[in-house]
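Data first, discussion second: the structure below is written as structure tokens.
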Amino acid sequence: MKNLKAILFVGLITLLINSAIFAQATGSLRGQVVDSLGAVIVGATATAVDANGKEKSSITNKQGEFTIGGLAPGNYIVRVTAPNFGLYENAAVVIAAGKREELDVTLTVEAVSENVEVAGSEGVNTDNENNASATVLKEKDLEALPDDPAELEAALQALAGPSAGPNGGQIYIDGFTGGRIPPKDAIREIRINQNPFSAEYERLGFGRIEILTKPGSDRLRGQAFLNFNDESLNSRNPFALNRAASQFKFYGGSVSGPIQKGKSSFFLDISNRQTDEGAVVNALVLDPSFNIVPFQEEFRIPIRRFSFSPRFDYQLNDKNTLVVRYSYTKFSRDNQGIGDTSLPTRAYQINNSENEIRFTETMIINPKTVNETRFEYEVENSEQTGDNSIPTVNVASAFTGGGAQIGLSYNRANRWELQNYTTTTLGKKSQHAIKFGTRLRNTSIKDRSENNFGGTFLFPGVTGFSPINQYQQNVLGNNDPRFNPSQFTITSGNPLADVSRFDVGAFITDDWRVNPQLTLGFGLRYENQTNISDNLNFAPRFSFAYSPGAGGARQPKTVFRGGIGVFYDRFSENLTLQAQRFNGSNQLSLVVSANDPDPIRRQAAINLLSQPVFTLNGVTNVPTAAQILATLPQSNTITTVASDLQSPYTIQTALGVERQLPFKTTLTAFYIASRNLHLLRTRNVNAPICPTNQNCN
1243 MKNLKAILFV
1253 GLITLLINSA
1263 IFAQATGSLR
1273 GQVVDSLGAV
1283 IVGATATAVD
1293 ANGKEKSSIT
1303 NKQGEFTIGG
1313 LAPGNYIVRV
1323 TAPNFGLYEN
1333 AAVVIAAGKR
1343 EELDVTLTVE
1353 AVSENVEVAG
1363 SEGVNTDNEN
1373 NASATVLKEK
1383 DLEALPDDPA
1393 ELEAALQALA
1403 GPSAGPNGGQ
1413 IYIDGFTGGR
1423 IPPKDAIREI
1433 RINQNPFSAE
1443 YERLGFGRIE
1453 ILTKPGSDRL
1463 RGQAFLNFND
1473 ESLNSRNPFA
1483 LNRAASQFKF
1493 YGGSVSGPIQ
1503 KGKSSFFLDI
1513 SNRQTDEGAV
1523 VNALVLDPSF
1533 NIVPFQEEFR
1543 IPIRRFSFSP
1553 RFDYQLNDKN
1563 TLVVRYSYTK
1573 FSRDNQGIGD
1583 TSLPTRAYQI
1593 NNSENEIRFT
1603 ETMIINPKTV
1613 NETRFEYEVE
1623 NSEQTGDNSI
1633 PTVNVASAFT
1643 GGGAQIGLSY
1653 NRANRWELQN
1663 YTTTTLGKKS
1673 QHAIKFGTRL
1683 RNTSIKDRSE
1693 NNFGGTFLFP
1703 GVTGFSPINQ
1713 YQQNVLGNND
1723 PRFNPSQFTI
1733 TSGNPLADVS
1743 RFDVGAFITD
1753 DWRVNPQLTL
1763 GFGLRYENQT
1773 NISDNLNFAP
1783 RFSFAYSPGA
1793 GGARQPKTVF
1803 RGGIGVFYDR
1813 FSENLTLQAQ
1823 RFNGSNQLSL
1833 VVSANDPDPI
1843 RRQAAINLLS
1853 QPVFTLNGVT
1863 NVPTAAQILA
1873 TLPQSNTITT
1883 VASDLQSPYT
1893 IQTALGVERQ
1903 LPFKTTLTAF
1913 YIASRNLHLL
1923 RTRNVNAPIC
1933 PTNQNCN
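Residue 1471 in the working numbering sits at position 229 of the sequence shown, with consecutive numbering throughout.
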């Protein structure tokens, strides 16, 4: 399947306060200053000196970060000073047009160490105040975002915009894929759509969100918050007779500080969210006299979420730093499945817990080379409980009653991820920023599913009778086959299934500053995984940024940039789990349909569907799986993975131009085209052939 999407972004105009990477013809320098224990240094002075001796300075903020914008392309000497710390000086910093240099500095009393990391960003990247196609959010920008983690994630995805891939954009937390969004007060910085064609990342860059959490501070600091709301502040649901009870409480806080002076620091955040939502059931049912009457009732839906996350930063020596972060999240929802036309008997409960521990070790090999090793281990338990001892009765557009068809179901996943990345610069003026590395991931899942073990009946309505009238006639004892349910589905067999998946990704990138006018980005990524046989997943990437006239006497005002790349999507472990569960022997998914195209099977199905007895108190004489298999031996649905399945991938191209306008504004226009190939689909290989001269749609 081939799918072509073209998205045109024109007229994204934002206020430009600091110089942006690739957003205008000048360059910029940004970084963070910390001490030997990893705590940020507030009030340090960072100064960039050009070849003519002209200086530009910036003072680090409360996060220890500085930004020096409006730097003309060329070589710079960068000095960082702070009271009671030694001088830091780097004479090999090169600023290119439309490029942002990342320079993180560690100051100590006895010695100076530096961590130089050149960001290989080929897309439009801006600072906080200059939102083009990429955005960096921190400090005041973060304060404007929602406090609730779920609302925060939705807001960030809206800022990132749509992604062309089948699985959407990807969220990284401290360099790791997956995991829950941390509380807002634990976030140091958020980067959106940065470096969209980098081979470091597996999925499309447009729509990618990177979240960096806060380190410990140099002195004890803390904050707390409380949000509250209830039904007295809200209006009544127009479909409810009364205002449903609801309440929202969200509170928590954070504290950070040093543990051992010169060695270690900590950051701790904790939050608790208690939400009582109101659900309204607005259905049509039968009263004791078998009359059709409306049913309206309000219910309380309790939702609870608790999170706890400490982070520890430890300076092993003058070249090695260790960061350890643990995260615990507990989540519960009661009275799920109730609302609209779904009756209270359908209620079920959800309980989730998640434990994560992450290690990051950073080693400065030399002033131009940094190696980073990351390891994550995650245990996630998800449990659902609901009644599946009685069948579900689905009367279309009227009500859905009976059991929830959940039973005792759980999903227990163990995941680990190992990364090792190296960043270095080559050339006399560090024209080449090289980054390469490997990522290994493994997932093991133990799953128990009793979904639809009690069975589900469907009343869709027939000619001259609405669904509720069809059901009413059946309950009244009308033996006309038209008033029987048109379909019955049931699952039986072994509810347990295990699955695992291992995948590997390796990459190398080179951001080459050809001259002050032109930067080229080259990258190659390779991916492979178990559970499918498609192994040759090579993903080349290329990008460019060109600024005519950069490096001359006058500052250019136009930057052209673009890129093209291949992005693969993985075949998820959940799809493998589904195929394993419904392989024809583990679990049986049986369908009895009065509309079966085969006349013999259709008559057998009609006979089975006339067997149940429907009353106001439930259903009796329900067909068993053994009866269905004896009557309809081919009624089982089997799911398999195609032997020739290929990994889906997207080819994405982007071309754009930015023009610096008067009044410190920038006009950005971008064209993005995406082509998706080998997309996954479900195909019914046993679909009957349409007879000649008949319309089977």
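For every residue, glycine included, the Cβ atom is placed at its ideal position computed from N, Cα and C.
query	result
Just to confirm, is the Cβ distance from residue 1786 to residue 1766 under 8 Å?	no
Classify residue 1650: buried if its beta carbon has 16 or more other beta carbons within 10 angstroms, exposed otherwise.	exposed
When DSSP labels each residue in this structure, what does residue 1880 get in the three-state scheme?	coil
Spatial neighbours of residue 1924 within its chain, please: CB distance less than 7 Å, with the 5 preceding and 5 following residues excluded, ordered by chain position.	none
Report the partner residues of residue 1751 according to the DSSP bridge assignment.	1677, 1765
Which stretch, first to last residue, makes up the beta strand (DSSP E) that contains residue 1834?	1829-1835
So, helix, strand or coil for residue 1358, using DSSP?	At residue 1358, the pLDDT of 38 sits below 50, so the modelled position is not reliable and the matter cannot be decided from this model.
Quick test of the definition: if touching needs 3 or more C-beta pairs under 8 Å, does the stretch 1545-1563 touch the stretch 1515-1524?	yes
Can you list, in chain order, the residues of its chain whose CB lies under 6 Å from that of residue 1331, leaving out five sequence neighbours each side?	1321
Indicate the three-state DSSP secondary structure (helix, strand or coil) for residue 1817 in the structure shown.	helix
Express the C-alpha separation of residue 1772 and residue 1682 in angstroms, rounding to a whole number.	12 Å
If you draw a straight line from the alpha carbon of residue 1684 to that of residue 1622, how long is it in whole angstroms?	14 Å
Please report the straight-line C-alpha distance between residue 1863 and residue 1741, rounded to a whole angstrom.	36 Å
Going by C-alpha distance, which of 1335, 1627, 1807 is nearest residue 1896?	1807
Expressed to the nearest angstrom, what Euclidean distance is found between the alpha-carbon atoms of residue 1285 and residue 1304?	8 Å
Near residue 1704, which residues of its chain fall below 7 Å by C-beta distance, leaving aside the five closest residues on each side in sequence?	1712, 1724
Tell me the DSSP secondary structure of residue 1515 in three-state form.	strand
Just the Cα atoms here: how many angstroms apart are residue 1526 and residue 1536?	5 Å
Quick check on this structure: which residue in 1837, 1829, 1489 has the alpha carbon closest to the alpha carbon of residue 1738?	1829
By how many angstroms is the C-alpha of residue 1471 removed from the C-alpha of residue 1491?	7 Å
Please list, in chain order, all residues of the same chain as residue 1893 whose beta carbon is under 6 Å from its beta carbon, the five residues on each side excluded.	1808, 1917
Count the other C-beta atoms from every protein chain shown that fall within 10 angstroms of the C-beta of residue 1636, then say buried if there are 16 or more, exposed otherwise.	buried
Please confirm whether residue 1530 and residue 1871 have their CB atoms less than 8 Å apart.	no
Consult DSSP for residue 1600 and reduce its assignment to one of helix, strand or coil.	strand
Based on Cα-Cα distance, which residue from 1556, 1826, 1673 lies nearest to residue 1610?	1673
What does the Cβ neighbour count give for residue 1442, buried or exposed, with the cut at 16 atoms within 10 Å?	buried
With a 10 Å radius around its C-beta and 16 neighbouring C-beta atoms as the bar for buried, classify residue 1618 as buried or exposed.	buried
Got a sec? Which residues, its chain only, sit under 6 Å from residue 1671 by beta carbon, not counting five neighbours each side?	1336
With respect to the beta strand (DSSP E) encompassing residue 1902, which residues constitute its N-terminal and C-terminal limits?	1891-1903
Hey, could you find the ends of the beta strand (DSSP E) residue 1759 is sitting in?	Premise fails: residue 1759 is in no beta strand (DSSP E) and is neither H nor E.
Applying the criterion that 16 or more other CB atoms from any shown protein chain within 10 Å of the CB defines a buried residue, is residue 1701 buried or exposed?	buried
Apply the 10 Å Cβ neighbour rule to residue 1393 and answer buried if 16 or more other Cβ atoms are within range, or exposed otherwise.	exposed
With distances taken from CA atoms, which of 1451, 1856, 1424 is nearest residue 1400?	1451
Does the contact criterion of 3 or more C-beta pairs under 8 Å hold for the stretch 1869-1883 versus the stretch 1796-1806?	no
Measure the CB-CB distance between residue 1653 and residue 1620 and report whether it falls below 8 Å.	no
Please report how far the alpha carbon of residue 1668 lies from the alpha carbon of residue 1461, in whole angstroms.	38 Å
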